[in-house]
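A.B. asks: Here the protein sequences line up with chains A and B, keeping their order.
Just so you know, we're using numbering that gives the first Met the number 0 here: the first sequence kicks off at 0 and counts up by one.
Just so you know, we're using numbering that gives the first Met the number 0 here: the second sequence kicks off at 0 and counts up by one.
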Amino acid sequence: MSAAAVHSLWTTAADPISKIETPKIEYGQLSPTLIVIGGALIGVLIEAFVPRKSRYYAQAFLSAVTLAAAFAAVVALAAGGYGTTKAHIAAMGAIAVDGPSLFLQGTILLAGLLGVFTFAERHLDPLAHGNRVDSFAAQAASVPGSDSEKAAVKAGFTTTEAFPLLLFAVSGMLVFPSANDLLTLFVALEVFSLPLYLLCALARRKRLMSQEAAVKYFLLGAFASAFTLFGIALLYGYAGSVSYATIAQVVDGTVTNVDPALAGTMGNDALLLIGAAMVVMGLLFKVGAVPFHMWTPDVYQGAPTPVTGFMAAATKVAAFGALLRLLYVVLPGMRWDWRPVMWAVAIVTMLGGAIVAITQTDIKRLLAYSSIAHAGFILAGVIATSRDGVSSVLFYLAAYSFVTIGAFAVVTLVRDAGGEATHLSKWAGLGRRSPLVAAVFAVFLLAFAGIPLTSGFAGKFAVFKAAAEGGAMPLVVIGVISSAIAAFFYIRVIVLMFFSEPHPEGPTVAVPSALTTTAIAVGVAVTLVLGVAPQYFLDLASQAGVFVR
Amino acid sequence: MSFPLLTATVVLPAVGAIATAAVPAAQRTAAKWLALVVSLATLVLAALVVVRFEPGGSRYQLTESHAWIKDFGVRYELGVDGIAVALLALTALLIPFVILAGWHDADTLETGSRRWRPTQGFFALILAVEAMVILSFEATDVFLFYIFFEAMLIPMYFLIGGFGDRAHEHGEKVASTQRSYAAVKFLLYNLVGGLIMLAAVIGLYVQAGTFSLPEIVQARANGSLHMATGTERWLFLGFFFAFAVKAPLWPVHTWLPNAMGEATAPVAVLITAVVDKVGTFAMLRFCLQLFPEASKWATPVILVLALISIVYGALLAVGQRDIKRLVAYASISHFGFIIMGIFAMTSQGQSGATLYMVNHGISTAALMLVAGFLISRRGSRLIADYGGVQKVAPVLAGTFLIGGLATLSLPGLAPFVSEFLVLVGTFARHPVIGIIATFGIVLAALYTLVLYQRTMTGPVKPEVAEMPDLRVREVLVVAPLIVLLIFLGVYPKPVADIVNPAVKQTMSDVHQTDPKPEVEAAK
């Protein structure tokens, strides 16, 4: 009797280990995200081990290089055909590598890169005890107004943690629009939200306001996350899976093998409707659509302006990407259910954002409401449910993010003794005092208003055209009406800057370093190029307009 | 490929605008000269267009076509017909005078700062407006037209809001408030019009799948593009609303008196003689050709609105205390005539309307620019502040009179021909409307002559006793315009020859033929 046979007398062989599938991870295709996470982790190590004096330079350099490298990886993937012919689902079904993913990841990375530039700006604030300082608190943990805060300022501390936090946020944002199952979606949501909550609280000036903004953002964001998670649970109950593809099949009725554990609930439409509504609600919160927009003005106003600019641009891109994928990949089978709801949301978002913005007196709040109105315009493109709809939304998001970052970067320049002078009355006569800065801001405002020859017009035209072709002409009409309302307050700012008498003790325009200048210059250049010759980028967006299933 | 002449007429002022804006602060006189030279060079190019254009030739001439934004179906397509050539020439002709008349308009804003360069800005903006207006006359692609139709609002807005009269009866603070109010009103009215048009432009694309005007017109003519009646009417209304705001037509005219009242005289000329013409021009080119059936459907209402504009504008002009606002209301009345001529749907009416656009441009420019010279001398826009000017400044008063007489369509001056044609053309189809419109002429005589009487005749007011007469620069501005008014009043054939074939073509696009004269029908 052989040893093995003897052995089998009193033992049974367990399933060979090879039966448990080894996860197959396509590292190359996930490289953009991995590079950013790696950069963020190194950033944490820098915080721990590099002397305080050198941290700022190390962090700023590392962040910029990381984002640039990740962008290069995205370009390499896109050039390798992963956006079109080789689009597929990677990482065991968790991540979709396809056109929309790569396009949005590229946009987020560029927005993040410009964000790093504005984060790293140290020429705007006056020297604090001989040290150059950026927009972030000297020491976030010290109580505002306390002795420890004073000591931190005196010692010339800076919160260089902002850079790794930004990288972590970007890594979450990269995964968010490419998540291909609901759990990945949720993890990505948390990964990018938590650093943003922290970043919002880090303002160097008006710290209480900044902390208040962070708390509001966190509480409401936590609510939204809870909604999303509950919705995910319900959808799992409905489909027996968190995978996008499987849920879509169950929605379409092509899956018949019922999971015995879920026999009681599977295929129950109530679960689908409620679950989908809750997940979509969570995404609409991140997008800032009415009625889930309440956090936007407070957070935009309270957060340090570079953070606001980065967040306004990149969060919107990521969240709309995730929304598109959810609606187009998972829920196309129930578009007759979600389209009327989204119609309503788009209408109230466009009108609500535009109308409320009229009464604003703070430039950051004004831009916040304007971002709400823009979310409405983008939703009009989402509703189109066509390939043109996808590509128009992609184009709009790219155009919008550069305008936004540029506009907020300009806001950081206009300062008085209390820091940034964000009250609109202080902007009076800026055009006389600093014609160039005012002219640049006017370009951004005109782009927001959708005046032809700016990227804003091309984007608006693209989404409205897609919506009209998708049969949503009334939405287009409401869209142009709210554009007209929105134009009113953009124009009002221009009037204020150019035609009002300058206030004698008005704010001064700080001379920025090359960093902020680059961010603003890129913003202006992209705004004009996408306005005058958008064809190449429309092609790009239209090639990228197909989701992998 | 032949030389892209039409593109050149746009690129030259556009490049000139950038170059002017880039002139350093210290060389502001050089900026003025640069702008003037560019505008004159553009005039030369426009003259070349007129020469190369063959009135009896194909529908659109000197055409250019390049791909632009493929995804939107947009092409860079240019081409001119007779109507466009006439207005192109008018624009190119008026801009040098506008620049020359506004020679010192920005001087008071100079602060000596190295970064603040209002003079450069003023002239660059004028050239930018010229480039955009010319392109919108030349565009045969609906989208291309739309872009510049909208974009020209921005430089106009800065011209209105940024530069005002040198003196103001209520002081600079009130003036700047009123100016920015006027600028915002101008922009909002036109932007709302434009955005509504945007919805219609998108709707048109959804229907037609192209933006090319000739292609759409052809497709509609041979039946390959069918639009439901309701759709066509909605799209027509979307387009017409934008053009009616721009033109402006009662009841969306209220921005014009503010804008013209607050802007400097040259900018006011730019508004009424150049930019507003795009509105009436576009009615002819886009509304009628793209939506012939809907145009006919809307004609009765539009004629009544035009009639209201004529009479209402004239009545309000009679009651004005402010010289510039008076000219503005007179213009509203005249735009009523133009729109009436377009929608009378007779070839006389439409030829008259096109001639009217040209003549109104020249006559208003003459009147308004002289009024501007007058206002700059006294520092007041109120009619009551003047009196007896003809005794101290006879040349100024004389040119003012000729401009005024042209505005009231005195026979022998250019506007008479066009007004007569419009009335005849309207009468042939809508006698009652034609008759009522005639009262507009009577009222025009009233407001013009009363204006002249109150400002120029009577005892010399002490404030105007020292008023200098026109300077050489000012005479250079006014004299050529007056010569043109007289020349075209006596011999309108050159313009009429260019315009008439295009009008015939437009009429046939709308499937309209002139009504037969009654006498002939009775035989």
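Glycine residues also receive a C-beta, built at the ideal position from the N, C-alpha and C atoms.
Please read all numbers here as calculations on a predicted model, not as lab measurements.
So which residues on chain A does ILE146 (chain B) lean against when the C-beta distance must stay under 7 Å?
C.D. replies: Your numbering for residue 146 (chain B) matches position 147 in the second sequence. Within 7 Å Cβ-Cβ: PRO451, LEU452.
A.B. asks: Tell me which residues of the segment 39-70 of chain B have at least one Cβ-Cβ distance to chain A shorter than 9 Å, keeping chain order.
C.D. replies: The residues in question are ALA66, TRP67, ILE68, LYS69, ASP70.
A.B. asks: Counting contacts by CB-CB distance shorter than 8 Å, is LEU533 (chain A) in contact with chain B?
C.D. replies: One-based indexing of the first sequence puts residue 533 (chain A) at position 534. Just to set this straight, residue 533 (chain A) is Pro in the shown sequence, not Leu. So yes, PRO533 (chain A) belongs to the interface.
A.B. asks: Give a yes or no on whether 8 Å exceeds the smallest Cβ distance from ARG377 (chain B) to chain A.
C.D. replies: Here residue 377 (chain B) refers to the residue found at position 378 of the second sequence. No, its Cβ sits nowhere closer than 8 Å to a Cβ of chain A.
A.B. asks: Label MET293 (chain A) either buried or exposed according to how many other C-beta atoms from any shown protein chain fall within 10 Å of its C-beta, with 16 as the threshold for buried.
C.D. replies: If you number the first sequence from 1, residue 293 (chain A) lands on position 294. By the 10 Å Cβ count, MET293 (chain A) comes out exposed.
A.B. asks: Just tell me which of B:GLY335, B:ALA40, B:ALA220 has its CA closest to the CA of ALA7 (chain B).
C.D. replies: Working through the second sequence from its first residue, we reach residue 7 (chain B) at position 8. Minimum Cα distance to ALA7 (chain B) is reached at B:ALA40.
A.B. asks: Taking ALA467 (chain A) as the query, report the chain B residues whose CB atoms sit under 9 Å from its CB, ordered along the chain.
C.D. replies: Reading the first sequence from its first residue, position 468 is the one you call residue 467 (chain A). Per Cβ cutoff of 9 Å: ALA198, ILE201, GLY202, TYR204, VAL205.
A.B. asks: Around the Cβ of VAL50 (chain B), are there at least 16 other Cβ atoms within 10 angstroms (buried) or fewer (exposed)?
C.D. replies: For this step, residue 50 (chain B) is matched to residue 51 along the second sequence. Its Cβ having fewer than 16 others within 10 Å, VAL50 (chain B) is exposed.
A.B. asks: Which residues in chain B sit within 8 Å of ARG121 (chain A), going by Cβ to Cβ distance?
C.D. replies: For the purposes of this step, residue 121 (chain A) is taken as residue 122 along the first sequence, with counting starting at 1. In chain order: nothing, as chain B lies at least about 25 Å away.
A.B. asks: Quick check on ARG380 (chain B): does DSSP put it in helix, strand or coil?
C.D. replies: Position 381 of the second sequence holds residue 380 (chain B). Correct three-state label for ARG380 (chain B): coil.
A.B. asks: With a Cβ-Cβ cutoff of 8 Å, do SER454 (chain A) and ALA520 (chain A) count as a contact?
C.D. replies: For the purposes of this step, residue 454 (chain A) is taken as the residue at position 455 of the first sequence. For the purposes of this step, residue 520 (chain A) is taken as the residue at position 521 of the first sequence. Not closer than 8 Å, so no.
A.B. asks: Would you identify the three-state DSSP class for ALA174 (chain B), choosing helix, strand or coil?
C.D. replies: For the purposes of this step, residue 174 (chain B) is taken as the residue at position 175 of the second sequence. Three-state result, ALA174 (chain B): helix.
A.B. asks: Quick one: which chain B residues come within Cβ less than 7 Å of LEU472 (chain A)?
C.D. replies: Counted from its first residue, the first sequence places residue 472 (chain A) at position 473. What sits at residue 472 (chain A) in the sequence shown is Met, not Leu. What MET472 (chain A) touches in chain B: GLY202.
A.B. asks: Exposed or buried, what is PRO31 (chain A) when buried is set at 16 or more other beta-carbons lying within 10 Å of its beta-carbon?
C.D. replies: As a position in the first sequence, residue 31 (chain A) is number 32, starting the count at 1. Its Cβ being crowded by 16 or more others within 10 Å, PRO31 (chain A) is buried.
A.B. asks: Kindly indicate which residue of B:ASP321, B:ILE440, B:VAL394 has the alpha-carbon position closest to the one of ALA405 (chain B).
C.D. replies: As a first step, residue 405 (chain B) must be located in the second sequence, where it is residue number 406. ALA405 (chain B) has its Cα closest to that of B:ILE440, out of B:ASP321, B:ILE440, B:VAL394.
A.B. asks: Which residue wins for smallest C-alpha separation from LEU108 (chain B), given the options B:LEU33, B:LEU158, B:TRP233, B:GLU129?
C.D. replies: The sequence position of residue 108 (chain B) within the second sequence is 109, counting from 1. Ranking B:LEU33, B:LEU158, B:TRP233, B:GLU129 by Cα distance to LEU108 (chain B) puts B:LEU158 first.
A.B. asks: Counting pairs of beta carbons, one from the segment 387-399 of chain B and one from the segment 454-461 of chain B, are three or more of them closer than 8 Å?
C.D. replies: Verdict: yes, contact present.
A.B. asks: In chain A, which residues lie less than 8 Å from PHE157 (chain B) when you measure between Cβ atoms?
C.D. replies: By 1-based counting over the second sequence, the position of residue 157 (chain B) is 158. Chain A residues near PHE157 (chain B): PHE497.
A.B. asks: So is THR304 (chain A) buried or exposed if we call it buried at 16+ other beta carbons inside 10 Å?
C.D. replies: By one-based count along the first sequence, residue 304 (chain A) stands at place 305. THR304 (chain A) is buried by the Cβ-count criterion.
A.B. asks: CA-CA distance, PRO421 (chain B) and TRP233 (chain B)?
C.D. replies: Residue 421 (chain B) sits at position 422 when you count from the first residue of the second sequence. Residue 233 (chain B) sits at position 234 when you count from the first residue of the second sequence. Here residue 421 (chain B) is Val; the residue named in the question, Pro, does not match the sequence. Between VAL421 (chain B) and TRP233 (chain B), the C-alpha separation is close to 28 Å.
A.B. asks: In terms of alpha-carbon separation, which member of A:VAL298, A:ALA200, A:GLY230, A:ALA68 lies closest to GLY37 (chain A)?
C.D. replies: Numbered from its first residue, the first sequence carries residue 37 (chain A) at position 38. For the residues A:VAL298, A:ALA200, A:GLY230, A:ALA68, the minimum Cα distance to GLY37 (chain A) belongs to A:ALA68.
A.B. asks: Whose CA, out of B:VAL244, B:ARG470, B:ARG284, B:PRO479, lies closest to the CA of GLY78 (chain B)?
C.D. replies: By one-based count along the second sequence, residue 78 (chain B) stands at place 79. The residue with the shortest Cα to Cα distance from GLY78 (chain B) is B:ARG284.
A.B. asks: Short check: CB of LYS205 (chain A) to CB of TYR299 (chain A), under 8 Å?
C.D. replies: In the first sequence, counting from the first residue as 1, residue 205 (chain A) sits at position 206. In the first sequence, counting from the first residue as 1, residue 299 (chain A) sits at position 300. Taking 8 Å as the Cβ cut-off, LYS205 (chain A) and TYR299 (chain A) do not qualify as a contacting pair.
A.B. asks: I want to verify the contact list: residues of chain B whose CB lies under 7 Å from the CB of ALA483 (chain A), in sequence order.
C.D. replies: Translated into the one-based positions of the first sequence, residue 483 (chain A) becomes position 484. Within 7 Å Cβ-Cβ: LEU190, VAL191, LEU194.
A.B. asks: Check whether the segment 252-269 of chain B touches the segment 53-69 of chain B, taking contact to mean three or more Cβ pairs, one atom from each stretch, closer than 8 Å.
C.D. replies: The answer is no - the segment 53-69 of chain B does not touch the segment 252-269 of chain B, with fewer than three Cβ pairs under 8 Å.
A.B. asks: By a C-beta neighbour count over all protein chains shown, 10 Å radius and 16 as the cutoff for buried, is LYS492 (chain B) buried or exposed?
C.D. replies: Translated into positions along the second sequence, residue 492 (chain B) becomes position 493. LYS492 (chain B) is exposed by the Cβ-count criterion.
A.B. asks: Would a check of beta-carbon distances place VAL22 (chain B) closer than 8 Å to chain A?
C.D. replies: Counted from its first residue, the second sequence places residue 22 (chain B) at position 23. No, VAL22 (chain B) does not count as interfacial toward chain A.
A.B. asks: Within 8 Å of any Cβ in chain A, is that where the Cβ of ALA181 (chain B) sits?
C.D. replies: Counted from its first residue, the second sequence places residue 181 (chain B) at position 182. No - not a single Cβ of chain A is within 8 Å of the one on ALA181 (chain B).
A.B. asks: State yes or no: is the C-beta of THR209 (chain B) within less than 8 Å of the C-beta of GLY72 (chain B)?
C.D. replies: Indexing the second sequence from 1 puts residue 209 (chain B) at position 210. Indexing the second sequence from 1 puts residue 72 (chain B) at position 73. Yes, Cβ-Cβ distance for THR209 (chain B) and GLY72 (chain B) is below 8 Å.
A.B. asks: Could you give the first and the last residue of the continuous beta strand (DSSP E) run that contains ASP387 (chain A)?
C.D. replies: Within the first sequence, numbered from 1, the residue matching residue 387 (chain A) stands at position 388. Taken as a continuous stretch (DSSP letters only), ASP387 (chain A) belongs to no beta strand (DSSP E), being part of the alpha helix (DSSP H) at 386-412.
A.B. asks: Taking Cβ-Cβ distances shorter than 7 Å, what residues in chain B pair up with PRO305 (chain A)?
C.D. replies: As a working mapping, residue 305 (chain A) is identified with position 306 in the first sequence. Going along chain B, no residue has its Cβ under 7 Å from PRO305 (chain A), so there is no contact; the nearest lies around 26 Å.
A.B. asks: Under 8 Å by Cβ, that's how I've got MET344 (chain B) and VAL509 (chain B) pegged, so tell me the actual separation to the nearest angstrom.
C.D. replies: Within the second sequence, the letter at position 345 stands for residue 344 (chain B). Within the second sequence, the letter at position 510 stands for residue 509 (chain B). Right, their Cβ atoms sit about 7 Å apart.
A.B. asks: Are the C-beta atoms of GLU504 (chain A) and some chain B residue less than 8 Å apart?
C.D. replies: By 1-based counting over the first sequence, the position of residue 504 (chain A) is 505. So, not an interface residue.
A.B. asks: What are the boundary residues of the beta strand (DSSP E) that GLN538 (chain B) is part of?
C.D. replies: Since the first residue of chain B shown is 0 and the last is 522, residue 538 (chain B) is not available in this structure.
A.B. asks: At 8 Å on the CB atoms, spell out the chain A contacts of ALA150 (chain B), in chain order.
C.D. replies: Here residue 150 (chain B) corresponds to residue number 151 of the second sequence, with the count starting at 1. Per Cβ cutoff of 8 Å: ILE450, PRO451, LEU452.
A.B. asks: Under 8 Å, do ALA288 (chain A) and GLY375 (chain A) count as touching if we go by C-beta distance?
C.D. replies: The residue labelled residue 288 (chain A) in the question sits at position 289 within the first sequence. The residue labelled residue 375 (chain A) in the question sits at position 376 within the first sequence. For ALA288 (chain A) and GLY375 (chain A), yes; Cβs fall inside 8 Å.
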